[in-house]
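In this text, residue positions in the sequence shown follow numbering that gives the first Met the number 0: the first is 0, and each later residue adds one.
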Amino acid sequence: MADYFEDVPLVVTTASYERAQRKRYKRNVAISIGLVALAIVVIILVVSLSSNGNANQIPQVQKAVSLRLEASGDDSSGNNTKIRKSPIVRVKQGRLQGAILKSRKGRNYYSFFNIPYGKPPIKELRFENPEPAGRWKERIYDATKVKTWCVNGDKTKENAITGSEDCLHVHVSTVKLPSRRNKTLVPVMVYIYGGAFKSGYASRFQPHYFMDEDIVVVLIEFRSGVFGHLNTGDGVIGGNLSLKDQSLALKWVRDNIQAFGGNPNQVVLFGNSAGSISVHAHLLSEMSRGLFHGAISQSGVSLGPNMPDTFLNNPGSIARRFANVVRPGIAWGLTGETVPTNEDRSKMFFKDKPINLMRNGDLTKVPWIVGVNSAEEFYDAYELVQNKTAVAILNQNWTTLILEDKLGLLPDDDLVDDEIRQLYFNDSDKITREDRYGLTNLLSDRKYLHPCRTAGMLHSKHSPVYFYYFNKESNFSLHDDKKYDFPPPYGAGHGDDLQYLFNYDRYPEVTLTDERMEFSEDMIKIWVSFAYNLAPDPMGLEPWQPIQESQDGLIWYQMNDKPLRKNIEPFTARMKFWDRITEQMNLYG
């Protein structure tokens, strides 16, 4: 899922010859990308012209946006109603005006879209660390509607490359603007979206569920795919640009959020999936220290098989990868994994491996909520046993498909294989379709549950950590197409918690009469209570205690229907197995 890993210094050189080589190489890479981008634009135009105007293949929010590498983008809000404009707000870059919108319960709130926090990362700034945005030229900057987002690809849509390189923007929503009569400031919640660091954009997450509470919500647009994670491994292009973009956005929040009624001393980060990993990354980075005061990670931390473990020894291979891209899939064909580099230490996002930073206590010591969904990997597991043919392939290629590819284990360790079969499959030598739950648990434990549990335990030595286990199963899932003909229950799949927090275009909206409404409202209140008190309020029950270990296992709060329940984890034996294996095999670095 994640593509950034580590930028630990390997070799630092300062010879003038090498500097000249770097400049020349960087210029050549930029030219290569420009040529490829131009070719892709032509391809997209040809495809568009040959599709007989079939505009239904791409969501309306994307229709007006194409790949324009140095443009600011068209209006893509899909909103044909007359815009009600907000009062004018003044920030350090100048004055701006947003729109007046309605919350879920009909409350007026103000949204300001596409506010620049960084200079456009184009031309000589492409693949460079972000720089703060300067003053805008407009007398009053128009922030009334969504303009664009960062270039990315959506692998679920054909030819769906959208966005612009001029994209280092934030979207701010607030219920109350400060005035002479009311100078009260409220907490700020900064959301970092997921998408495997390859796709997605912030503006698709509409925050109007949150706007029934007194809170400020900030959404960050940041570089992804090759533009956010290319790392040549030789210091020319250092990587982790998406995380550095986010850190710069947090500095903008610190310096400007008071103008929107937000308290710069009450900032909480939260994110899902790759966004959850980003939140944890900021806890580990000196670059973001002091910029936030609490954190919520929903399904992901900076550990586990989501992290790449190799780096580019041959920067020339990058050029070959560019040359081989001849389809409109650049954002997926070029993942640009972030890797160890000899970047100037002062510009690094990570100063050491994440596991070392946690073990040494070199982290931001703030309260942290961290949790997982009950069936994170059901879509992957079900696909592996979807029919008899798939099951046969799985059993024939078990070592390669599961032990190596999915779990990242050594292929010749028979003892580990035996333990896995005993723990997850009742000691069976053959996997069947009925093993879908065991397979789901196996993949979810390795990728999400054990990394989150490990990170939480390490952080809890220095600051309060609150565990939750989300098992609210909805009628709607991001992965409904992966359920095949299996009967319920399915559990809560990866990302299924998002429908309760945002009006997100991959789920039906949760309206006042929706059966999901009560749970959505409760979850919003718990998250907002954390922003206010840096301790989650479990809706009238006994206080939500930080991590505590009993004789039988760790205590987790189960997020399902009311009431929220405190449970001893039922998977301690599985976690102890992974404790031992990750240590023996050095799986966390």
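Glycine residues also receive a C-beta, built at the ideal position from the N, C-alpha and C atoms.
Segment contact flag, the stretch 100-110 with the stretch 205-214, C-beta cutoff 8 Å, min 3 pairs
yes
Which residue from Leu-533, Val-185, Ser-427, Lys-460 puts its Cα closest to that of Gln-257?
Gln-257 has its Cα closest to that of Val-185, out of Leu-533, Val-185, Ser-427, Lys-460.
For the beta strand (DSSP E) that contains Trp-251, what are its first and last residues?
Trp-251: not part of any beta strand (DSSP E); member of the alpha helix (DSSP H) spanning 240-255, first to last residue.
Neighbour-count burial assignment, Leu-414, 16 or more Cβ in a 10 Å radius:
exposed
If you draw a straight line from the C-alpha of Lys-144 to the C-alpha of Arg-83, how long is it?
Going by the C-alpha atoms only, they are around 11 Å apart.
Any idea which residues DSSP pairs Gly-270 with across the strands?
Ile-191, Ser-296
Have a look at Arg-203, His-168, Pro-353, Val-215 and flag the residue whose alpha-carbon is nearest the alpha-carbon of Pro-177.
Val-215
For Tyr-531, I'd like the list of residues in its chain whose CB is within less than 7 Å of its CB, leaving aside the five on either flank, ordered along the chain.
Excluding sequence neighbours, Tyr-531 sits near Pro-186.
Grab me the residues of Leu-356's own chain with a C-beta within less than 7 Å of its C-beta, minus the 5 sequence neighbours each way, in chain order.
Leu-283, Leu-362
How is Lys-84 classed by DSSP in three states: helix, strand or coil?
strand
Helix, strand or coil at Met-286 according to DSSP, with G and I counted as helix:
helix
Report buried or exposed for Glu-375, applying the criterion of at least 16 other Cβ atoms within 10 angstroms of its Cβ.
buried
Does Leu-497 pass the burial test, meaning 16 or more other C-beta atoms within 10 Å, or should it be called exposed?
Burial call: buried.
Cα separation between Ser-427 and Asp-484?
Each residue's alpha carbon lies about 23 Å from the other.
Have a look at Ser-110, Tyr-436, Leu-438, Ser-277 and flag the residue whose alpha-carbon is nearest the alpha-carbon of Tyr-190.
Ser-277
Should Phe-291 be labelled buried (16 or more other beta-carbon atoms within 10 Å of its own) or exposed?
buried
Check whether Arg-179 and Gly-303 have beta carbons under 8 Å apart:
no
According to DSSP, is Gln-583 part of a helix, a strand, or is it coil?
helix
Opposing strand residues paired with Val-646 [DSSP bridges]
No information on residue 646 is available, as it lies outside the stretch 0 to 588 that the chain covers here.
Tell me, please, whether the stretch 427-436 touches the stretch 251-267 by the rule of three or more beta-carbon pairs shorter than 8 Å.
no
Would you identify the three-state DSSP class for Lys-136, choosing helix, strand or coil?
coil
Can you tell me whether Glu-608 is buried or exposed, with buried defined as 16 or more other CB within 10 angstroms of its CB?
Because the chain in this structure spans residues 0 to 588, residue 608 falls outside the shown range and cannot be described.
Entirely enclosed alpha helix (DSSP H) segments - the stretch 467-507, minimum 4 residues:
none
Can you give the beta carbon distance from Tyr-116 to Val-171, rounded, assuming they're within the 8 Å contact cut?
Actually they are not in contact, since the Cβ atoms of Tyr-116 and Val-171 sit about 10 Å apart, beyond 8 Å.
CB-CB under 7 Å to Tyr-503, same chain, minus the five flanking residues each way: which ones, in chain order?
Arg-203, Phe-204, Leu-497
Could you say if the stretch 216-225 and the stretch 291-301 meet the contact criterion of at least three C-beta pairs nearer than 8 Å?
no
Where the beta strand (DSSP E) containing Ile-554 begins and where it ends
554-558
In terms of DSSP beta bridges, what is Pro-131 paired with?
Gly-117
Identify the residues that DSSP records as bridge partners of Asp-141: which are they?
Gln-96
Give the secondary structure of Tyr-208 by DSSP, where H, G and I count as helix, E and B as strand, and everything else as coil.
Of the three classes helix, strand and coil, the one that applies to Tyr-208 here is coil, per DSSP.
Ser-602 versus Leu-448, Ser-519, Leu-409, Val-150, residue with shortest Cα-Cα distance:
Outside the displayed range of the chain (0 to 588) lies residue 602, so it cannot be described from this structure.
Give me whichever residues DSSP pairs with Asn-107 in a beta bridge.
Lys-101
Verify whether the separation of the beta carbon atoms of Asp-416 and Leu-406 is less than 8 Å.
no
Range of the contiguous alpha helix (DSSP H) that encloses Phe-355
Inspection of the sequence shows that residue 355 is occupied by Asn rather than by Phe. Where Asn-355 is concerned, the enclosing alpha helix (DSSP H) stretches over 353-358.
Buried or exposed by the 16-neighbour rule on C-beta atoms within 10 Å, applied to Met-188
buried
Per DSSP, which residues does Ser-172 bridge with? Please list them.
DSSP, once it has assigned bridges, lists Ser-110, Val-216 as partnering Ser-172.
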